[in-house]
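Heads up, the sequence shown is in the working numbering, so the first residue is 6 and it goes up one at a time.
Shown next, in structure tokens, is the structure this report addresses.
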Amino acid sequence: MTVLDAAATVAVKPLFGLGEVGLTVTALLVAAPRLLLSALRDRGRIFGDFVALYAACRTQPLGRYVFRFFSLVSAPYSMSVGPSLDDLHQTPDGGVYCAASMVERPWHRNPFSCIHAAAVTNLGEYTGAVGMLAYMQRAKQRLRGIVGELRVVFKRKARGKIVAVCRVPPVKELKAGDKLSVEVPTELFDSKGELVAVVTAVWDLSLRESRKA
6 MTVLDAAATV AVKPLFGLGE VGLTVTALLV AAPRLLLSAL RDRGRIFGDF VALYAACRTQ
66 PLGRYVFRFF SLVSAPYSMS VGPSLDDLHQ TPDGGVYCAA SMVERPWHRN PFSCIHAAAV
126 TNLGEYTGAV GMLAYMQRAK QRLRGIVGEL RVVFKRKARG KIVAVCRVPP VKELKAGDKL
186 SVEVPTELFD SKGELVAVVT AVWDLSLRES RKA
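Structure below.
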């Protein structure tokens, strides 16, 4: 981070944050009627289904800010890099495809005039987590999971717009007491399409316990 980057962080970041808040509030006000109608139709299930929620948000003006708001509520730290969810859908084989991006800002940079490694990792972890949670929400079995390991391999300096892509494969059927570790790699590319980093989250999955009557 240079002196100019530091100055921009102090002077511009607060104003940028206010602008983001304003856009988010506007987006929520515009989208609220349709989202509430969708929630009434499916008895609120849309808020527990990221794929359906994203599909509903993307058709709204400023829809990416609406989904970002729900991400902020569930994982505030992930919003520190200002990720934008660009695609989220279920694949024909039952898995999930997820893509997100971030744009380089002065407050994301390190002393080497590129995006800080932690910011790159943050975007990769966010993309993979949204993909895996979306998969678990739509899986035939009631799954629960947590990240047990996170690995990052950096290929080159990250600059400009970074796009993260994750493909969550369907997992095998589990039985009561089974535990399964699933590797979910997320590839990150720069605006030239060159691979910047690979963030691999190892998810420890198991069945949710049945609700007692």
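The beta-carbon is built from N, C-alpha and C at its ideal position, and this holds for glycine as well.
CB of residue i within 8 Å of CB of residue j, strictly
i      : j      : result
ILE167 : MET107 : yes
PRO81  : ALA105 : no
PHE74  : LEU58  : no
GLY150 : MET141 : yes
TYR102 : ARG46  : no
GLY165 : GLU109 : yes
ASP195 : ALA163 : yes
LEU210 : LEU185 : yes
LEU70  : LEU28  : The question names Leu, but residue 70 is Tyr in the sequence shown. Yes, Cβ-Cβ distance for TYR70 and LEU28 is below 8 Å.
GLY133 : ALA206 : yes
ALA183 : LEU138 : This sequence places Asp at residue 183; Ala is not what is there. Not a contact, by the Cβ cut-off of 8 Å.
Residues bridged to residue i (per DSSP)
i      : result
ASP183 : According to DSSP, ASP183 bridges with nothing at all.
PRO190 : THR205
LEU210 : GLY150, LEU185
ALA36  : Bridge partners of ALA36: none, in fact.
VAL168 : SER106, PHE194
LEU200 : PHE194
VAL173 : VAL101
Residue i, buried or exposed, once every other Cβ within 10 Å from all chains shown has been counted against 16
i      : result
LEU200 : exposed
ARG50  : exposed
HIS2   : The structure shown has nothing for residue 2, since the chain only spans 6 to 218.
ALA37  : exposed
VAL204 : buried
PHE72  : buried
GLY198 : exposed
ARG55  : Before going on, a small fix: residue 55 reads as Phe here, not Arg. PHE55 is buried by the Cβ-count criterion.
LEU90  : buried
GLY136 : buried
VAL176 : buried
VAL158 : exposed
LEU181 : According to the sequence shown, residue 181 is Ala rather than Leu. Per the 10 Å Cβ criterion, exposed.
ALA123 : exposed
VAL26  : exposed
VAL78  : exposed
TRP208 : buried
Query - Inter-stretch contact (C-beta, 8 Å, three-pair minimum) for the stretch 136 to 151 and the stretch 110 to 117 - result: no
**Report entry** Contact between the stretch 17 to 37 and the stretch 59 to 70 (3+ Cβ pairs under 8 Å)
**Finding:** yes
Query raised in the report: What residue ranges within the stretch 78 to 166 form continuous beta strand (DSSP E) runs of no fewer than 3 residues, ordered along the chain?
Result: 89 to 95, 101 to 108, 148 to 159
Report task. Could you say if the stretch 128 to 137 and the stretch 180 to 200 meet the contact criterion of at least three C-beta pairs nearer than 8 Å? Result -> yes
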